[in-house]
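See structure below.
Number of protein chains: 2
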Amino acid sequence: MAQEKRLVEEITPMSVDFAQWYTDICKKADLVDYSSVKGCMIIRPYGYAIWELMQGILDKRFKELGHENVYMPLFIPESLLNKEKEHVEGFAPEVAWVTRGGSEELTEPLCVRPTSETLFCEHYANIIKSWRDLPKLYNQWCNVVRWEKTTRPFLRSREFLWQEGHTMHATAEEAIEETLCMLNVYAEFHEKVLSIPVIKGRKTDSDKFAGAEATYAIEALMHDGKSLQAATSHYFGDGFARAFGIQYTDKENKLVYPHQTSWGCTTRMIGGIIMTHGDDSGLALPPAVAPIQVIVIPVAMHKPGVVEKATEIADRLRHAGIRVKVDTSDYSAGWKFAEYEMKGVPVRLEIGPRDIEAGQCVLVTRHNREKTVVSLDAIVEAAKERLEAVRTGLYEKALANRNTHTYDCRTIDEINSSLAEHGDGFVRAMWCGDEGCEDEVKVRTGVGSRCIPFEQESISDTCVCCGEPAKHLVYWANAY
Amino acid sequence: MAQEKRLVEEITPMSVDFAQWYTDICKKADLVDYSSVKGCMIIRPYGYAIWELMQGILDKRFKELGHENVYMPLFIPESLLNKEKEHVEGFAPEVAWVTRGGSEELTEPLCVRPTSETLFCEHYANIIKSWRDLPKLYNQWCNVVRWEKTTRPFLRSREFLWQEGHTMHATAEEAIEETLCMLNVYAEFHEKVLSIPVIKGRKTDSDKFAGAEATYAIEALMHDGKSLQAATSHYFGDGFARAFGIQYTDKENKLVYPHQTSWGCTTRMIGGIIMTHGDDSGLALPPAVAPIQVIVIPVAMHKPGVVEKATEIADRLRHAGIRVKVDTSDYSAGWKFAEYEMKGVPVRLEIGPRDIEAGQCVLVTRHNREKTVVSLDAIVEAAKERLEAVRTGLYEKALANRNTHTYDCRTIDEINSSLAEHGDGFVRAMWCGDEGCEDEVKVRTGVGSRCIPFEQESISDTCVCCGEPAKHLVYWANAY
Numbered sequence: 004m005a006q007e008k009r010l011v012e013e014i015t016p017m018s019v020d021f022a023q024w025y026t027d028i029c030k031k032a033d034l035v036d037y038s039s040v041k042g043c044m045i046i047r048p049y050g051y052a053i054w055e056l057m058q059g060i061l062d063k064r065f066k067e068l069g070h071e072n073v074y075m076p077l078f079i080p081e082s083l084l085n086k087e088k089e090h091v092e093g094f095a096p097e098v099a100w101v102t103r104g105g106s107e108e109l110t111e112p113l114c115v116r117p118t119s120e121t122l123f124c125e126h127y128a129n130i131i132k133s134w135r136d137l138p139k140l141y142n143q144w145c146n147v148v149r150w151e152k153t154t155r156p157f158l159r160s161r162e163f164l165w166q167e168g169h170t171m172h173a174t175a176e177e178a179i180e181e182t183l184c185m186l187n188v189y190a191e192f193h194e195k196v197l198s199i200p201v202i203k204g205r206k207t208d209s210d211k212f213a214g215a216e217a218t219y220a221i222e223a224l225m226h227d228g229k230s231l232q233a234a235t236s237h238y239f240g241d242g243f244a245r246a247f248g249i250q251y252t253d254k255e256n257k258l259v260y261p262h263q264t265s266w267g268c269t270t271r272m273i274g275g276i277i278m279t280h281g282d283d284s285g286l287a288l289p290p291a292v293a294p295i296q297v298i299v300i301p302v303a304m305h306k307p308g309v310v311e312k313a314t315e316i317a318d319r320l321r322h323a324g325i326r327v328k329v330d331t332s333d334y335s336a337g338w339k340f341a342e343y344e345m346k347g348v349p350v351r352l353e354i355g356p357r358d359i360e361a362g363q364c365v366l367v368t369r370h371n372r373e374k375t376v377v378s379l380d381a382i383v384e385a386a387k388e389r390l391e392a393v394r395t396g397l398y399e400k401a402l403a404n405r406n407t408h409t410y411d412c413r414t415i416d417e418i419n420s421s422l423a424e425h426g427d428g429f430v431r432a433m434w435c436g437d438e439g440c441e442d443e444v445k446v447r448t449g450v451g452s453r454c455i456p457f458e459q460e461s462i463s464d465t466c467v468c469c470g471e472p473a474k475h476l477v478y479w480a481n482a483y
Numbered sequence: 004m005a006q007e008k009r010l011v012e013e014i015t016p017m018s019v020d021f022a023q024w025y026t027d028i029c030k031k032a033d034l035v036d037y038s039s040v041k042g043c044m045i046i047r048p049y050g051y052a053i054w055e056l057m058q059g060i061l062d063k064r065f066k067e068l069g070h071e072n073v074y075m076p077l078f079i080p081e082s083l084l085n086k087e088k089e090h091v092e093g094f095a096p097e098v099a100w101v102t103r104g105g106s107e108e109l110t111e112p113l114c115v116r117p118t119s120e121t122l123f124c125e126h127y128a129n130i131i132k133s134w135r136d137l138p139k140l141y142n143q144w145c146n147v148v149r150w151e152k153t154t155r156p157f158l159r160s161r162e163f164l165w166q167e168g169h170t171m172h173a174t175a176e177e178a179i180e181e182t183l184c185m186l187n188v189y190a191e192f193h194e195k196v197l198s199i200p201v202i203k204g205r206k207t208d209s210d211k212f213a214g215a216e217a218t219y220a221i222e223a224l225m226h227d228g229k230s231l232q233a234a235t236s237h238y239f240g241d242g243f244a245r246a247f248g249i250q251y252t253d254k255e256n257k258l259v260y261p262h263q264t265s266w267g268c269t270t271r272m273i274g275g276i277i278m279t280h281g282d283d284s285g286l287a288l289p290p291a292v293a294p295i296q297v298i299v300i301p302v303a304m305h306k307p308g309v310v311e312k313a314t315e316i317a318d319r320l321r322h323a324g325i326r327v328k329v330d331t332s333d334y335s336a337g338w339k340f341a342e343y344e345m346k347g348v349p350v351r352l353e354i355g356p357r358d359i360e361a362g363q364c365v366l367v368t369r370h371n372r373e374k375t376v377v378s379l380d381a382i383v384e385a386a387k388e389r390l391e392a393v394r395t396g397l398y399e400k401a402l403a404n405r406n407t408h409t410y411d412c413r414t415i416d417e418i419n420s421s422l423a424e425h426g427d428g429f430v431r432a433m434w435c436g437d438e439g440c441e442d443e444v445k446v447r448t449g450v451g452s453r454c455i456p457f458e459q460e461s462i463s464d465t466c467v468c469c470g471e472p473a474k475h476l477v478y479w480a481n482a483y
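Chains as they are written, first to last, in my numbering: chain A, 4 to 483; chain B, 4 to 483.
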């Protein structure tokens, strides 16, 4: 088997070098490739298919909630970016600038959009005139650019793909409701579709989006105990509206400012899947976003009738709406097992001559290698049941891991000893609300505030840092 | 009716000022808006929904033919763009350059992709090693930038959306077959889905894509007698493969170069729809890409039961897979008629108290205002039949227009007199194959070569320009 180019041994084990393990999966599961464009990635067909499935599910949900897709320009003139002061201060240090077009120097540099609030605001100023024009519920699927210094595929790259929702509302209440509604859409998508448990909460002021009144996020704990900010939703109040002169005539014929939100999620979610569900055999995909849900592997392929039966079963599964592939290539069955484990295919279907004789086949779930012998008569129902078992199994496994690595701490010392003893994870500790204490926790323990969770509890009455009365329970962690 | 902001009279008639008529439709049908980014457009929800429908149909077709979607970086380093000589000469004059990232000057400028051959080639050099790796059938949906001097929405803008297919094949024959297959996909999409008749043909050498061995295109005649290049498909031979060092080991264990194609279509197709089907009442959309296929307008809405019946009918149509909207806003029925004609909705359904009593309603097709009274019992079948009538009706109307404006000419004088007498259109005339003659026809008549059609005929034995023996029938026209 000279063709067996790829073996499981080639992956660096997670315990040896987590970063290398991550990169190995990105490359060996054919998700990405590098190019000569530093910090940008090539998303290969298998990786892009995952993104398309994510897009399909989210886009449908956004539209059900009344959102419409639009497309704004890639470029933002410097003067437009400068209109909202906090926003430009937040983004200017990390944008790419176009200064030449054709053979001419531009009179005004254009930045490549790092996010599109300014463009949406300029457009909204044109089209929002009356209360009848509200709400505006727009979304955009596009690429954005942020000139990061250190980059990693999916997690942090100079260009990435995302969606950015930008909405305008008559009242603050309605805008806040939208902000939280979309955070819930992201949370539900992570928990029910991607099988990733998340903490929903509000960012502290030091960690707000540039120009926002409040930023909400969902945070997920990765295998290495670091937190991943998986999606964000921002409430802007009328700050941008004032900066961009967006005003409408309300029902009482008064000229007033509308209230605004934005919310987004990115290709980073693919990194989240890798670091939540992956293991030393490779990727493990939640069924709803798996390009191949069931891989059919004929065993003893040369025996008469095996390939035919495998193909027939695959057709039945496909007909039932399952994404299925039969691998009849001349690699060994063992090689194929390893290959599709690497690619994270949720369910493997093995079928050989003896199975056919017995009218059965074997289903193996990727995340726990559980084998089930099932009758061919009931294969469609069995495959569906196994896929659902992967979805819930992945979630339970991830939740158990998070629970093991969540530490309730009352003092700085407790934080340090918990992290030293059990490894990185979520630290739950009380906070007085003072930014000085937030900074000091970070300096003295290494973990920063991730969010003030919606589900508040009182672990103690005093701030973990200064001992003054506590205001909030906060999740603290190292983060991507 | 103070709310009636928009009236049909606001559009400039086509006969008065064609360019203004076009722009008026773009704006008043809510397809685009302008921003402060010169030469770039905002694609508004109604326009973007048309693009999404186009994408959906084409993407499905591409995938059926075995293509996979990928995503390549937005940027191309200058040195990479320079690798294929003809390619860089063709594109360098019209690209935008990023020269600064964050606060640093870049050591090497990055151009914003005008097209991605160079990026695909670099990637293919990494992943194509053996005959087993071929063919590679990749496609990408993305934005591209070309620094145009004069711009118009959809037709020519500094940024536009498109798909670019890039494929690699073992043999020249296979690559040529792919090139022509994809041209046929575009032609069929235009004729059967967009109801736009097209001429399929090969571009003359002077009009080839930069770096291609052969460029094929579909050309469509617009209302003003100008030709629109609606999509292109290129055969590259192994030129890029040699420039980028893409080699594979064939079945005989020899190191050889693969053969390449690329093919694309863009948001420009929306411009093609406007200028093929639109009229002085606005846009007219082919049903398959119409965001609203049937607009239900209740007449005498205040009468009891009218809105309820309209909604019930809409539900039945929606249930049958038709994209339908009921307009129950407080604008007058007349205003609504004009509004949805402007937006090009293929079929209008009018229903009032008397219709309800008679168990019927009125269907009006947008392109010819034909009224049909149909029984409510058979409304689903009737609506489907009317939508199909719009699809074929639009095509026949466009074909008749093209036939009226296609002139067979044997001399330069005949070209000039035909154009003077009947207005702009397709000139069919023989050509000797000499580039000098091609240029001279353009200088003396104003029309340039559009393509050498696959369907050849002999109009005369001699070149329309020099009188030497003719080699090809050529379509000539003014073009967008």
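Note that CB positions come from ideal geometry on N, CA and C, so glycine has one too. All of these numbers come straight from a predicted model, not from anything done at the bench.
ask   = Under 7 Å between the Cβ atoms of ILE359 (chain A) and ALA313 (chain A)?
value = Here the question's residue 359 (chain A) lines up with position 356 in the first sequence. Here the question's residue 313 (chain A) lines up with position 310 in the first sequence. Taking 7 Å as the Cβ cut-off, ILE359 (chain A) and ALA313 (chain A) do not qualify as a contacting pair.
Presumed contact (8 Å Cβ cut-off) between ILE199 (chain A) and ALA32 (chain A), rounded CB distance = By one-based count along the first sequence, residue 199 (chain A) stands at place 196. By one-based count along the first sequence, residue 32 (chain A) stands at place 29. The pair is not a contact, with the Cβ atoms about 18 Å apart (cut-off 8 Å).
ask   = So, helix, strand or coil for TYR260 (chain B), using DSSP?
value = As a working mapping, residue 260 (chain B) is identified with position 257 in the second sequence. Coil at TYR260 (chain B), not helix or strand.
ask   = Thinking just about the alpha-carbon of each residue, which of A:HIS126, A:SER119, A:GLU177 and A:ILE179 is nearest to the one in ALA213 (chain A)?
value = The residue labelled residue 213 (chain A) in the question sits at position 210 within the first sequence. Checking every option, the nearest Cα to that of ALA213 (chain A) belongs to A:SER119.
message = Tell me which residue opens and which closes the beta strand (DSSP E) that TYR334 (chain A) is part of.
response = Taking the first residue of the first sequence as 1, we reach residue 334 (chain A) at position 331. Element bounds for TYR334 (chain A): n/a, residue is neither H nor E.
query = Where does GLN166 (chain B) land, buried or exposed, given buried means 16+ other C-beta within 10 angstroms?
reply = As a working mapping, residue 166 (chain B) is identified with position 163 in the second sequence. Classification of GLN166 (chain B): buried, given that the 10 Å Cβ count is 16 or more.
Assigned exposure category for HIS322 (chain B) - 16 Cβ within 10 Å defines buried = Residue 322 (chain B) sits at position 319 when you count from the first residue of the second sequence. Classification for HIS322 (chain B): exposed.
ask   = If SER452 (chain B) sits next to GLU441 (chain B), beta carbons under 8 Å apart, how far is it from one beta carbon to the other, in whole angstroms?
value = Within the second sequence, numbered from 1, the residue matching residue 452 (chain B) stands at position 449. Within the second sequence, numbered from 1, the residue matching residue 441 (chain B) stands at position 438. Contact flag correct, Cβ pair sits at about 5 Å.
GLN296 (chain A) classed as buried or exposed, judged by whether at least 16 other C-beta atoms fall within 10 angstroms = Here residue 296 (chain A) refers to the residue found at position 293 of the first sequence. Buried, because 16 or more other Cβ atoms sit within 10 Å of the Cβ of GLN296 (chain A).
inquiry  = Would LYS203 (chain A) and PHE457 (chain A) qualify as a contact pair, given that the criterion is a beta-carbon distance under 7 Å?
reply    = As a first step, residue 203 (chain A) is located in the first sequence; it is residue number 200 there, counting from the start. As a first step, residue 457 (chain A) is located in the first sequence; it is residue number 454 there, counting from the start. Yes; because the gap between Cβ atoms is below 7 Å, this pair is in contact.
query = When every heavy atom of the ligand ATP is checked, does at least one fall within less than 6 Å of the C-beta of LYS66 (chain B)?
reply = As for the ligand ATP, it is missing from this structure, which has no ligand bound.
key: 6 Å Cβ shell around THR465 (chain A) - same chain, five flanking residues per side excluded   = Mapped onto the first sequence, residue 465 (chain A) falls at position 462. Hits under 6 Å: ALA473.
key: Minimum C-alpha distance to ILE462 (chain B) - residue among B:VAL302, B:THR235, B:HIS408 and B:ARG431   = Sequence index remark: in the second sequence, residue 462 (chain B) carries index 459 (1-based). Looking at the Cα atoms, B:ARG431 is the closest of the given residues.
query = Are any of the Cβ atoms in chain B nearer than 7 Å to that of ALA99 (chain A)?
reply = Translated into positions along the first sequence, residue 99 (chain A) becomes position 96. Taking Cβ atoms only, chain B reaches closer than 7 Å to ALA99 (chain A), which makes this a yes.
key: Opening and closing residue of the alpha helix (DSSP H) in which VAL383 (chain B) lies   = Mapped onto the second sequence, residue 383 (chain B) falls at position 380. Counting along the chain, the alpha helix (DSSP H) containing VAL383 (chain B) begins and ends at 382-407.
request  = Would you identify the three-state DSSP class for GLU471 (chain A), choosing helix, strand or coil?
outcome  = Taking the first residue of the first sequence as 1, we reach residue 471 (chain A) at position 468. DSSP places GLU471 (chain A) in coil when its eight states are reduced to three.
query = Does the segment 108-119 of chain A come close enough to the segment 141-161 of chain A to have 3 or more Cβ pairs within less than 8 Å?
reply = yes
query = When the distance is taken between beta carbons, is SER265 (chain A) closer than 7 Å to HIS237 (chain A)?
reply = The residue labelled residue 237 (chain A) in the question sits at position 234 within the first sequence. The residue labelled residue 265 (chain A) in the question sits at position 262 within the first sequence. It is a contact, given that the beta carbons lie within the stated cut-off.
C-beta neighbour in chain A for CYS43 (chain B), strict 7 Å = If you number the second sequence from 1, residue 43 (chain B) lands on position 40. It does: the Cβ of CYS43 (chain B) has a partner Cβ on chain A nearer than 7 Å.
query = Of all the CB atoms in chain B, is at least one closer than 7 Å to the CB of PHE78 (chain A)?
reply = On the first sequence, residue 78 (chain A) is found 75 positions in, with the first residue counted as 1. Cβ-Cβ to chain B under 7 Å: yes for PHE78 (chain A).
ask   = If we ignore side chains and look at the alpha-carbon of each, how far apart do VAL188 (chain B) and LEU397 (chain A) end up?
value = As a first step, residue 188 (chain B) is located in the second sequence; it is residue number 185 there, counting from the start. As a first step, residue 397 (chain A) is located in the first sequence; it is residue number 394 there, counting from the start. VAL188 (chain B) and LEU397 (chain A): Cα-Cα distance of roughly 42 Å.
inquiry  = According to DSSP, simplified to helix, strand and coil, what is VAL188 (chain A)?
reply    = Residue mapping note: residue 188 (chain A) aligns to position 185 of the first sequence, counting from 1. Reduced to three states, the DSSP call for VAL188 (chain A) is helix.
message = Between which two residues does the alpha helix (DSSP H) holding GLN23 (chain B) run?
response = The residue you call residue 23 (chain B) lines up with position 20 of the second sequence. 21-31 is the extent of the alpha helix (DSSP H) around GLN23 (chain B).
key: Spatial distance of THR270 (chain A) from LYS41 (chain B) (CA atoms)   = Locating residue 270 (chain A) in the first sequence gives position 267, where the first residue counts as 1. Locating residue 41 (chain B) in the second sequence gives position 38, where the first residue counts as 1. Answer to the nearest angstrom: the Cα atoms are 30 Å apart.
query = How about LYS206 (chain B) and ALA223 (chain B): do their beta carbons lie closer than 7 Å?
reply = The residue labelled residue 206 (chain B) in the question sits at position 203 within the second sequence. The residue labelled residue 223 (chain B) in the question sits at position 220 within the second sequence. Cβ atoms of LYS206 (chain B) and ALA223 (chain B): not closer than 7 Å.
task = Return yes when the Cβ of LEU286 (chain A) is within less than 7 Å of the Cβ of ALA386 (chain A), no when it is not.
result = Counting from 1 along the first sequence, the entry for residue 386 (chain A) is found at position 383. Counting from 1 along the first sequence, the entry for residue 286 (chain A) is found at position 283. No, these two residues do not count as a Cβ contact at 7 Å.
ask   = Listing by chain order, which chain B residues have their CB less than 7 Å from the CB of HIS126 (chain A)?
value = Stepping through the first sequence from its first residue, residue 126 (chain A) is reached at position 123. The answer, in chain order, is ASP36, SER38 and ILE45.
task = Mind checking which residues open and close the alpha helix (DSSP H) that includes LEU84 (chain A)?
result = Mapped onto the first sequence, residue 84 (chain A) falls at position 81. First-last of the alpha helix (DSSP H) with LEU84 (chain A): 81-84.
ask   = From this set, B:ASN85, B:GLY470 and B:GLU471, which residue's C-alpha is nearest PHE243 (chain B)'s C-alpha?
value = For the purposes of this step, residue 243 (chain B) is taken as residue 240 along the second sequence, with counting starting at 1. Ranking B:ASN85, B:GLY470 and B:GLU471 by Cα distance to PHE243 (chain B) puts B:ASN85 first.
query = At a CB-CB cut-off below 7 Å, which residues of chain A make contact with GLU399 (chain B)?
reply = Numbered from 1 along the second sequence, position 396 holds the residue referred to as residue 399 (chain B). Residues of chain A passing the Cβ test: none, with the nearest at roughly 33 Å.
task = Step through the CB atoms of chain A and report whether any lies within less than 7 Å of the CB of GLY104 (chain B).
result = Sequence index remark: in the second sequence, residue 104 (chain B) carries index 101 (1-based). Yes, contact with chain A.
inquiry  = Just to make sure I have the definition right: I need the residues of chain A whose C-beta is within less than 8 Å of the C-beta of PRO48 (chain B). Which are they?
reply    = Sequence index remark: in the second sequence, residue 48 (chain B) carries index 45 (1-based). Under the 8 Å cutoff, chain A gives GLU71, ASN72, VAL73 and TYR141.
query = Is the beta carbon of TYR483 (chain B) sitting closer than 7 Å to the one on LYS229 (chain B)?
reply = The sequence position of residue 483 (chain B) within the second sequence is 480, counting from 1. The sequence position of residue 229 (chain B) within the second sequence is 226, counting from 1. Result yes, Cβ atoms of TYR483 (chain B) and LYS229 (chain B) sit closer than 7 Å.
query = Can you name the residues of chain B whose CB is closer than 9 Å to the CB of CYS338 (chain A)?
reply = Here residue 338 (chain A) corresponds to residue number 335 of the first sequence, with the count starting at 1. Strictly speaking, residue 338 (chain A) in this sequence is Trp, with Cys absent from that position. Correct list: empty, because the minimum Cβ distance to chain B is about 14 Å.
task = Indicate whether PRO156 (chain B) and GLU71 (chain A) have their beta-carbon atoms separated by less than 7 Å.
result = If you number the second sequence from 1, residue 156 (chain B) lands on position 153. If you number the first sequence from 1, residue 71 (chain A) lands on position 68. Result no, Cβ atoms of PRO156 (chain B) and GLU71 (chain A) do not sit closer than 7 Å.
inquiry  = Assuming CYS364 (chain A) is part of the beta strand (DSSP E), what are its boundary residues?
reply    = Residue mapping note: residue 364 (chain A) aligns to position 361 of the first sequence, counting from 1. Start and end: 363-368.
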